[in-house]
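**Student:** What follows is a single structure, and I will ask about it in a moment.
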Amino acid sequence: MRHYLLRRLAFAVVTLWAVVTVTFFLVRLAPGGPFDGERRLPPEVEANLRAAYDLDQPLLVQYGRYVANLASGDLGPSFRQKDFSVNELIGMGLPISVGVGVAALSLALALGIAGGTFAALGRDGPRDRLLVLGATLGLALPPIVVAPVLVLVFAVSLGWFPAGGYATWKHFVLPAITLALPYAAAFMRLTRGSVVEVLNRPHVMTARAKGLGRFRLVTRHVLPSALLPVVSFLGPAAAALLAGSMVIEEVFSLPGLGRYFVQGALNRDYTLVTGAVVVYAALVLGFNLLVDLCYARLDPRIRHA
28 MRHYLLRRLA FAVVTLWAVV TVTFFLVRLA PGGPFDGERR LPPEVEANLR AAYDLDQPLL
88 VQYGRYVANL ASGDLGPSFR QKDFSVNELI GMGLPISVGV GVAALSLALA LGIAGGTFAA
148 LGRDGPRDRL LVLGATLGLA LPPIVVAPVL VLVFAVSLGW FPAGGYATWK HFVLPAITLA
208 LPYAAAFMRL TRGSVVEVLN RPHVMTARAK GLGRFRLVTR HVLPSALLPV VSFLGPAAAA
268 LLAGSMVIEE VFSLPGLGRY FVQGALNRDY TLVTGAVVVY AALVLGFNLL VDLCYARLDP
328 RIRHA
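Here the sequence shown stands for residues 28 to 332, where the numbers follow my numbering.
Put into structure tokens, the structure is as follows:
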């Protein structure tokens with residue numbers, strides 16, 4: 028296991044370097060620059076700004092300096108928000124994005140596993156058809172459509188939750204539900220199909236024939252095997268939740284990392300965009316590594332291999 032972990036860490040470092048390299052050059056190939064605005068700056072002022080941020084140097088020199096600073100944990104200054112460094116902006120936005128993402132992922136797992144299990148236990152019955160229909164609707168409706176509907180119903184009409192902001196825990200309820208619904212539907216479909224398959228395995232049928240109670244049968248014999256596909260989907264789901272939070276943070280006015288990323292892209296803030304991509308990539312690689320380790324823990328065949 029230790030050698031496997033070291034190999035995965037080495038692969039993660041190489042992948043992160045590739046992401047940094049591609050992002051560094053792509054953002055600079057986009058039209059416009061960080062100092063473009065409605066009014067054109069005088070040439071001498073723009074030249075001084077470019078010199079202050081080393082943008083007057085050759086591109087390879089800029090890349091070398093950025094990678095060297097990144098190796099020491101410095102993501103550089105923000106070109107448009109001059110009072111803050113990229114580290115400070117990410118430090119302010121990342122906890123909000125992670126909080127919303129963790130809440131959405133937890134809610135999606137709880138709803139998806141419970142709903143999929145109940146649907147499988149009542150296979151082809153009214154409960155199964157109703158839950159499958161709900162899962163299909165959850166997959167069909169994107170968060171950008173669900174978010175305004177939830178705001179209209181629960182914020183404007185009923186007044187149960189605020190429509191935006193981040194002052195209290197109530198401000199995170201609607202964003203978390205919006206992000207969780209499609210992934211809860213995906214988890215539900217995965218769990219239902221896997222539980223139906225496991226219920227027909229010999230060891231489960233033997234345990235049922237011995238009179239084992241349904242709750243213990245499901246928790247001890249069915250779910251440990253049935254959750255393997257769900258665990259496999261956890262890594263991509265966590266990554267997609269982080270990426271999907273960009274749009275949701277704009278809708279609900281949450282100052283998370285996604286909102287800084289969108290603003291940085293619009294303002295051509297090179298260091299802010301690259302820093303946000305680096306953090307997202309590191310989180311995705313970390314999630315995938317944790318999922319692989321959990322998968323090996325659940326499946327003895329992989330652990331022994």
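Yeah, the Cβ is synthetic: ideal placement off N, Cα and C, and Gly gets one too.
Is the segment 215-224 touching the segment 155-162 in the sense that three or more CB pairs, one from each, lie closer than 8 angstroms?
**Tutor:** Because the criterion of three Cβ pairs below 8 angstroms is met, the segment 155-162 and the segment 215-224 touch.
**Student:** When the Cα atoms are used, what is the spatial distance from V172 to L201?
**Tutor:** So the two alpha carbons sit approximately 13 angstroms from each other.
**Student:** Under 8 angstroms by Cβ, that's how I've got T205 and I275 pegged, so tell me the actual separation to the nearest angstrom.
**Tutor:** Going by Cβ atoms, the distance from T205 to I275 rounds to 6 angstroms, so yes, they are a contact pair.
**Student:** Which full runs of the alpha helix (DSSP H) of 4+ residues lie inside the segment 247-288, going along the chain?
**Tutor:** Fully enclosed alpha helix (DSSP H) runs of 4 or longer: 250-253, 255-278.
**Student:** What are the residues that DSSP puts in a beta bridge with S112?
**Tutor:** Paired residue(s): P104.
**Student:** Thinking just about the alpha-carbon of each residue, which of P122, L56, A211 is nearest to the one in P169?
**Tutor:** Closest option to P169, Cα to Cα, is A211.
**Student:** Suppose the cutoff is 7 angstroms on Cβ atoms and the five residues either side in sequence are ignored; what does the same chain contact list for V178 look like?
**Tutor:** Result list for V178: A190, L201, in chain order.
**Student:** Under 8 angstroms: do the segment 102-114 and the segment 249-262 share three or more Cβ pairs, one atom per stretch?
**Tutor:** Result no; under three Cβ-Cβ pairs closer than 8 angstroms.
**Student:** I need the DSSP call for Q333, collapsed to helix, strand or coil.
**Tutor:** The question about residue 333 has no answer here: the residues shown for the chain are numbered 28 through 332.
**Student:** Just curious, the alpha helix (DSSP H) that P58 is in, first and last residue?
**Tutor:** Element bounds for P58: n/a, residue is neither H nor E.
**Student:** Which class does W187 belong to by DSSP, given the choice of helix, strand or coil?
**Tutor:** Note: W187 maps to coil in three-state DSSP.
**Student:** Using a Cβ-Cβ cut-off of 7 angstroms (strictly less than) and excluding sequence neighbours within five positions of Y93, which residues of its own chain qualify?
**Tutor:** Within the same chain, Y93 has close Cβ partners F51, G103.
**Student:** If you draw a straight line from the alpha carbon of L132 to that of P209, how long is it in whole angstroms?
**Tutor:** Cα to Cα, the separation comes out at about 11 angstroms.
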